[in-house]
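Accompanying notes for the structure given below.
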Amino acid sequence: MPAAMAEPLPSRATPALSRLAETARGYAAARSSANTRKAYASDWAQFQRWRRRKGFDAAQPDPQIVGLYLAASASGEGVAKAAVSTIERRLAAITAAYRTAGTPLPRQDRHIMDVMAGIRRLHARPPRQKEALFAEDILAMCATLPNNLRGYRDRAILLVGFAGGLRRSEITGLDCGPEQTPDPGGWIEILEEGALLTIRGKTGWRQVEIGRGSKESSCPVRALELWLKLARVSHGPVFRRVREQNTGVGSERLDDKHVARLVQSAAMKAGVRSDLPEAERKALFAGHSLRAGLASSAEVDEAHVQRQLGHASVEMTRRYQRRKERFRINLTRAAGL
-3 MPAAMAEPLP SRATPALSRL AETARGYAAA RSSANTRKAY ASDWAQFQRW
47 RRRKGFDAAQ PDPQIVGLYL AASASGEGVA KAAVSTIERR LAAITAAYRT
97 AGTPLPRQDR HIMDVMAGIR RLHARPPRQK EALFAEDILA MCATLPNNLR
147 GYRDRAILLV GFAGGLRRSE ITGLDCGPEQ TPDPGGWIEI LEEGALLTIR
197 GKTGWRQVEI GRGSKESSCP VRALELWLKL ARVSHGPVFR RVREQNTGVG
247 SERLDDKHVA RLVQSAAMKA GVRSDLPEAE RKALFAGHSL RAGLASSAEV
297 DEAHVQRQLG HASVEMTRRY QRRKERFRIN LTRAAGL
């Protein structure tokens, strides 16, 4: 939150001005997702615990102290050892906390920049990409699900998530229509040709078209329609918790972590990548496996895939295309070897 908004209002402020200030605080808090706010809060709390143990005063931002904390995070000395991406997030969380308090941290200071540059150089590793799931994998995974409310819901999640190339938060953030919940991630509109999803993603709002499949058993739109009908969901969150014994559904939105757990468990049951040890197989799959699968298997113009996934650049889309372009062009032979 900007420092000016964090300042208390004058004692003679009118009720209307007080309400406006509260509204402004709400907008400022909504600048990032709930998951980001939760991670930042955890990171800031850990930094505070570390500096108290070391006897440092963190009330005022000190680049040298922050640099020491970053070094500790990379080496595991006095704090949990973390990957480079986690350390960068911790630095972002510390920066955000100081900015909110009205005492900005000078991130360009050499004690921070030089330490981070060294950490990236010595500890950075290639990104660990999740395994892409293809259409035959998704169908095999759907076949492992039971024919009850929970199973119908999870089939719809897998098929819609794959066909739409959606992030797990985009799947669970869907409502049945616009303006039905206070903080929707998007909504659906079911048409004769398919389902039109309006999604609020990382790069802003976009529309995702999910056409009807060639068979009813593999059609994501039919799976979605069946879930909504059997669960009697017509307003509010599309995907919800199912009560014990599959007796009905609750009103609360399903947590997006359910998507990752579902993808992992269904892939394991379906025997996807059964050539690998069980522990290694499980680590390969997550919610992003659905997005990577669509990007890797859809034989259409790259621009269509980029638009469907909501990527700002085609380079980002290509990161999701597992093995699709590998060795298609042999420059070794083209060069004469």
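At position 302 of the sequence shown the residue is numbered 298 (this note's numbering), and the sequence of numbers has no breaks.
Positions of the beta carbon are idealized from the N, C-alpha and C atoms, including for glycine.
Note that this is a predicted model, so its numbers are computed, not measured.
- When rounded, the separation of the alpha-carbon atoms in Glu132 and Ser213 is 13 Å.
- Ranked by Cα distance from Gly289, the options Gly74, Arg163 and Arg49 are led by Arg163.
- Looking at Ser81, Leu224, Lys278 and Glu166, the one whose alpha-carbon comes closest to that of Lys198 is Glu166.
- Here the stretch 140 to 160 lies against the stretch 205 to 222, with 3 or more beta-carbon pairs under 8 Å apart.
- The secondary-structure analysis by DSSP pairs Arg196 across a beta bridge with Trp201.
- Each residue's CA atom was taken as its position, placing Arg21 and Ala279 some 39 Å apart.
- Counting along the chain, Gly114 sits inside the alpha helix (DSSP H) bounded by residues Arg106 to His119.
- Note on Leu187: under 16 other CB atoms within 10 angstroms of its CB, so exposed under the neighbour-count rule.
- Around the Cβ of Lys126, a 10 Å sphere holds 16 or more other Cβ atoms; the residue is buried.
- Our two residues, Cys138 and Ala128, have alpha carbons roughly 16 Å apart in a direct line.
- Here Tyr23 is exposed: its Cβ has fewer than 16 other Cβ atoms, across all protein chains shown, within 10 Å.
- Shortest Cα-Cα distance from Leu64 to any of Ser81, Ala79, Ala55 and Trp46 involves Trp46.
- Within 10 angstroms of the beta-carbon of Leu272 lie fewer than 16 other beta-carbons, which makes it exposed.
- According to DSSP, residue pairing for Trp40 in a beta bridge does not occur.
- Distance between Gly147 and Leu141, taken at the CA atoms: about 5 Å.
- When Ser81, Ala227 and Ala89 are compared, the shortest CA-CA separation from Gln44 is found for Ala89.
- Excluding sequence positions up to five before and after Leu135, its CB lies within less than 7 Å of the CB of Ser214, all in the same chain and listed in chain order.
- Residue state for Ala24 is assigned as helix, using DSSP reduced to three classes.
- Annotation for Gly182: the continuous beta strand (DSSP E) segment containing it runs Gly182 to Ile186.
- Judged by DSSP in its simplified three-state form, Arg164 adopts helix.
- Every unbroken stretch of the alpha helix (DSSP H) spanning 4 or more residues and falling wholly within the stretch 42 to 104 is given here in chain order: 59 to 71 and 80 to 96.
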